[in-house]
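Chains as they are written, first to last, in the numbering used here: chain A, 310 to 414; chain B, 3 to 275.
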């Protein structure tokens, strides 16, 4: 596991230039926009802003992502590069209402 | 209520499996129960602290604090499990042979026990803080009453603990001849799985390249959220659609710990003869 720490030290070298950035907001336990089109084959920087007072967990099996976002705060999630297709996501803490999809074209 | 139980179960399961394996692996280490309970309590206290400071952690490092935090504590857990396995490789046989009369091993055992404390504490901390946040989220959005929340949470905890306990009991039934090999393989896979998860967080934070994403996709055959998928995820680090970098971390960890175990085991055996 020494490699793990070596990798940590090397991290600054891996800072890549300008990724595609997209913003999704959470309001009243819903995602806004709930549908998001992104370019396929590119890394996307997804900024999720939680405007609710309660925490939410952004989760997507298709994207293989899972992240808790505290109430009234925002978080960054890097996704992709994605193959063209639909990638549904949801808020695990409010699954009934918080749903959305990312479309890679 | 049911939804609450399922989510709490998922979180508790991971910690329960880790504790079950580690508790079984250290069955002959004197005084290990107290250390496990200690780790459990520290983990619970830590959970509450982490949950309370989620926003601060999350907004640290430009919104990537959570990934860094998770990757670091996973990295620490991997190191601890590595240490545990290597320690066991050199002392395990001895401990089993004369369980209560290991004078020197007890002294050395203290460091092993503090490792145990850390592993258990970290397992509980990671899963516990998410559970706390989740329950807090439901409690404040009052979709469910407090009693349903408590009941769901309790059912989830009980089910998770039951699985961990069953695993523990099952492991103890393994004949002594194979016991150490069996538990060290489990700990080894556990550590490798955690390393892969750490890589996953670092990729999610864009701190390391993913190499190929996904390397494979078996989510339609064996979804990670199904019961077998969940068990495999927790036991051997199964990921339905991993990045190639995760596999690199997995294999490096596996090889590193295994070599360490071989290294300490061989000279020891020679000396004893």
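Don't be surprised by glycine CBs; every beta carbon is placed ideally from N, CA and C.
Only a predicted model underlies this, so the values are computations on that prediction, with no experimental measurement involved.
Quiz item: Taking residue 335(A) as the reference, which of 361(A), 396(A), 368(A) and 328(A) has the closest Cα?
Solution: 361(A)
Quiz prompt | is_contact[residue 261(B), chain A] using C-beta, thresh 8 Å | solution = no
Self-check item: CA-to-CA distance, residue 30(B) to residue 407(A), given in whole angstroms
Solution: The alpha-carbon of residue 407(A) is positioned some 49 Å away from that of residue 30(B).
Exercise. Can you say whether residue 175(B) is buried or exposed, counting buried as having 16 or more other CB atoms within 10 angstroms of its CB?
Key: By the neighbour-count rule (16 or more Cβ atoms within 10 Å), residue 175(B) is not buried but exposed.
Quiz prompt | Neighbour-count burial assignment, residue 68(B), 16 or more Cβ in a 10 Å radius | solution = buried
Quiz item: What number of angstroms, rounded off, separates the C-alpha of residue 402(A) from the C-alpha of residue 263(B)?
Solution: 42 Å
Exercise. Check the Cβ-Cβ distances between residue 309(B) and every residue of chain A, and say whether any is below 8 Å.
Key: Here chain B has residues from 3 to 275 only, and residue 309(B) is not among them.
Quiz item: Taking 7 Å as the line, does the beta carbon of residue 354(A) fall inside it for any heavy atom of the ligand ATP?
Solution: In terms of ligand content, the structure shown is empty, and the ligand ATP therefore cannot be addressed.
Quiz item: Is there contact between the segment 208–227 of chain B and the segment 370–380 of chain A, where contact requires at least three CB pairs shorter than 8 Å?
Solution: yes
Self-check item: Whole alpha helix (DSSP H) elements within the segment 127–180 of chain B, 4-residue minimum
Solution: 148–174
Self-check item: Rounded straight-line distance, which links the Cα of residue 25(B) to that of residue 37(B)
Solution: Residue 37(B) and residue 25(B) have their C-alpha atoms some 10 Å from each other.
Quiz item: residue 138(B) versus chain A: which residues are under 8 Å apart at the beta carbon?
Solution: 363 and 364
Quiz item: Excluding sequence positions up to five away, which residues of its chain have a Cβ less than 7 Å from the Cβ of residue 238(B)?
Solution: 191 and 195
Quiz item: Under a Cβ-count criterion, where at least 16 other Cβ atoms within 10 Å of its own Cβ denotes burial, should residue 351(A) be classed as buried or exposed?
Solution: exposed
Exercise. Would you mind telling me which residues of chain B sit closer than 8 Å to residue 356(A), beta carbon to beta carbon, in chain order?
Key: Within chain B, the residues near residue 356(A) are 65.
Exercise. Establish whether the CB of residue 385(A) and some CB of chain B are separated by less than 8 Å.
Key: So yes, residue 385(A) belongs to the interface.
Quiz prompt | Short Cβ contact (8 Å threshold) for residue 309(B) with residue 251(B) | solution = Lying outside 3 to 275, the shown extent of chain B, residue 309(B) is not represented and no answer is given.
Quiz item: By how many angstroms is the C-alpha of residue 20(B) removed from the C-alpha of residue 122(B)?
Solution: Taking the straight line joining both Cα atoms gives about 7 Å.
Quiz item: In three-state terms, what does DSSP make of residue 73(B)?
Solution: helix
Quiz prompt | Span separating the alpha-carbon of residue 257(B) from that of residue 363(A) | solution = 43 Å
Quiz prompt | Neighbourhood of residue 200(B) by C-beta distance below 6 Å, restricted to the same chain and skipping five residues each side | solution = Correct list, in chain order: 73, 76 and 77.
Quiz prompt | Cross-strand partners of residue 382(A) (DSSP beta bridge) | solution = 359(A)
Quiz prompt | Whole-angstrom distance between residue 134(B) and residue 102(B), CA atom to CA atom | solution = The predicted position of residue 102(B) is uncertain, since its pLDDT is 48 and thus under 50; a value taken from the coordinates is nonetheless stated next. About 40 Å.
Practice problem: Rounded to whole angstroms, what's the CA-CA distance from residue 365(A) to residue 404(A)? Just pull it up for me. | Solution: Those two C-alpha atoms are separated by around 10 Å.
Self-check item: Helix, strand or coil at residue 227(B) [DSSP, three-state]
Solution: coil
Exercise. Can you tell me which of the three DSSP states residue 346(A) falls into?
Key: strand
Quiz item: So what does residue 35(B) bridge to, in DSSP terms?
Solution: Residue 35(B) pairs with nothing; no bridge assigned.
Quiz prompt | Opening and closing residue of the beta strand (DSSP E) in which residue 331(A) lies | solution = Looking at the DSSP string, the run of the beta strand (DSSP E) that includes residue 331(A) is 329–336.
Self-check item: Outcome for residue 115(B) when other beta-carbon atoms lying within 10 angstroms are tallied against a minimum of 16
Solution: If you draw a 10 Å sphere on the C-beta of residue 115(B), you find 16 or more other C-beta atoms in it, and that means buried.
Quiz item: The beta strand (DSSP E) with residue 400(A) in it runs from where to where?
Solution: 394–400
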